[in-house]
Amino acid sequence: MKVALFGAGRIGKVHAASIKTDPRSELAAVTDVMPEAAQALAREHGIAVRSPDEILADPAIDAILIASSTNTHADLIEAGVKAGKAIFCEKPIDLDLARALEIGRLAKTHDKPMMMGFNRRFDPNFAAVKAALEAGEVGKGEMLAVTSYDPAPPPVSYIKVSGGLYRDMMIHDFDMCAFLFGMPKTVTAHGSCLVDPEIGAAGDIDTAVVVLTYADGRIATIRNSRRAPYGYDQRVELLGSEGTLEARNEIENTVVKSTAAGTVSAKPVFFFLERYMRAYAIEWSAFVDACVEGKPVPATVQDGVNALALAEAANLSFREGRPVEVTPAMTGA
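Just add 29 to the spot in the sequence shown (first one is 1) and you have the numbering used here.
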């Protein structure tokens with residue numbers, strides 16, 4: 030199938046590479062508001078730079094991959110639906126929950142696959158935790174802990190347009206909790222600015238803990254920090270009634286040195302590109318499966334709405350200092 034890429038920035042480059050890993054998909058065109066970025070990616074992959082209107086009007090383009098800035102996602106999804114394209118969109122749908130709910134309703138009317146880019150679902154480690162839990166290997170899940178620390182904070186210029194830590198960074202972890210445990214009953218959020226005072230001055234936080242409680246008594250916790258000097262810290266631990274499951278960090282190498290002075294191993298890989306490249310490729314192949322073979326989409330627009338609803342609940346909880354109930358009106362379910 031022929032695919033056009035919207036967005037030639039860092040994540041667009043990752044997706045361009047993923048498209049080429051699956052022999053069933055062909056990267057046919059790219060567009061970006063920065064012409065030089067689009068031209069550079071086009072030269073790298075031997076493809077054409079085209080305008081959004083040209084891409085959408087071309088019946089030879091089977092699917093669009095939206096990796097442009099967040100503020101363009103919802104409009105491009107609408108345009109893709111109108112053009113009859115299969116659609117893959119990076120998270121989030123939008124920074125506004127009401128707008129995301131509109132897109133959720135639109136998705137139900139579209140007869141082509143639509144998939145959200147929650148790449149961590151496709152990480153082999155986290156996917157193995159999910160499979161073992163569903164197989165009953167540790168009994169009934171009771172507690173879940175998700176840790177996600179970035180090695181260093183992004184520029185404050187990015188923070189100002191990111192939508193805040195809960196929508197931007199933690200949204201992946203909200204999705205991971207929903208992926209493993211389903212949707213919670215309440216969200217309780219705590220946050221501080223401990224890493225960079227400029228982040229606080231921009232109205233955001235850089236350190237956060239969120240507690241999700243479930244109707245049946247299960248509990249999930251999420252820990253985020255914009256700073257982990259030792260690398261990209263990505264872990265999941267699940268306690269079940271008959272055991273535990275743990276997905277540990279991927280490290281730079283597997284060498285362990287043991288001497289009289291102690292035992293030393295390598296650090297975690299430094300950033301998301303190293304940590305999740307396999308996941309991006311597996312994710313893309315799952316989308317192609319849906320388009321070419323008619324398999325179910327494993328990360329739906331509803332999943333995108335759900336994650337944003339949890340982020341909105343966290344924002345409200347943080348502002349008002351109380352637990353916030355997750356209601357059907359928030360998810361459109």
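Note that CB positions come from ideal geometry on N, CA and C, so glycine has one too. Nothing here was measured: the structure is a model prediction, and the numbers come from that model.
Cβ of residue i within 7 Å of Cβ of residue j?
i, j, result
"Tyr309", "Asn148", "yes"
"Leu105", "Phe35", "yes"
"Ile132", "Lys114", "no"
"Ala315", "Pro297", "no"
"Val227", "Val190", "Position check: residue 227 holds Glu in this sequence, whereas Val was assumed. No. Outside cutoff."
"Pro183", "Ala319", "no"
"Met205", "Val175", "yes"
"Lys159", "Leu241", "no"
"Arg39", "Thr60", "no"
"Val317", "Asp140", "no"
"Lys123", "Ile188", "Going by the sequence as given, residue 123 is Asp instead of Lys. Going by C-beta atoms, Asp123 is not nearer than 7 Å to Ile188."
Would you tell me roughly how many angstroms separate the C-alpha atoms of residue i and residue j, rounded to the nearest one?
i, j, result
"Ser221", "Met199", "14 Å"
"Ala338", "Pro357", "10 Å"
"Ala218", "Glu73", "43 Å"
"Asp179", "Asp262", "7 Å"
"Glu119", "Ala108", "15 Å"
"Ile48", "Ala89", "17 Å"
"Arg351", "Leu345", "8 Å"
"Asp91", "Trp313", "14 Å"
"Asp82", "Ala57", "15 Å"
"Val238", "Ala343", "10 Å"
"Glu279", "Ala103", "34 Å"
"Ile116", "Ala289", "57 Å"
"Ser97", "Ala66", "12 Å"
Determine the closest residue to residue i out of the options, with distance taken between C-alpha atoms.
i, options, result
"Asn253", "Tyr195, Val285, Ile280, Ala290", "Tyr195"
"Lys111", "Arg128, Thr215, Glu275, Leu135", "Leu135"
"Val334", "Glu312, Arg348, Thr360", "Thr360"
"Ser54", "Leu130, Ala33, Val62", "Ala33"
"Val167", "Thr292, Phe299, Gly269, Tyr187", "Gly269"
"Glu275", "Phe155, Gly146, Leu124, Ala45", "Phe155"
What residue range does the alpha helix (DSSP H) around residue i cover?
i, result
"His363", "In the structure as shown, the chain begins at 30 and stops at 362. Residue 363 is therefore absent and cannot be evaluated."
"Gly109", "99-112"
"Tyr305", "301-317"
"Phe35", "Not the alpha helix (DSSP H): Phe35 falls in the beta strand (DSSP E), residues 31-35."
"Gly333", "330-349"
"Tyr259", "Per DSSP, Tyr259 belongs to no alpha helix (DSSP H) and is neither H nor E."
Cβ of residue i versus every heavy atom of the ligand GTP: is any distance shorter than 6 Å?
i, result
"Gln68", "The ligand content of the structure shown is nil, which means the ligand GTP is not present either."
Could you please give the first and the last residue of the uninterrupted beta strand (DSSP E) stretch that includes residue i?
i, result
"Arg264", "262-269"
"Met172", "170-178"
"Ser16", "Since the first and last residues shown for the chain are 30 and 362, residue 16 lies out of range."
Subject >> the stretch 120-129 touching the stretch 282-290, judged by at least three CB pairs closer than 8 Å >> reply: no
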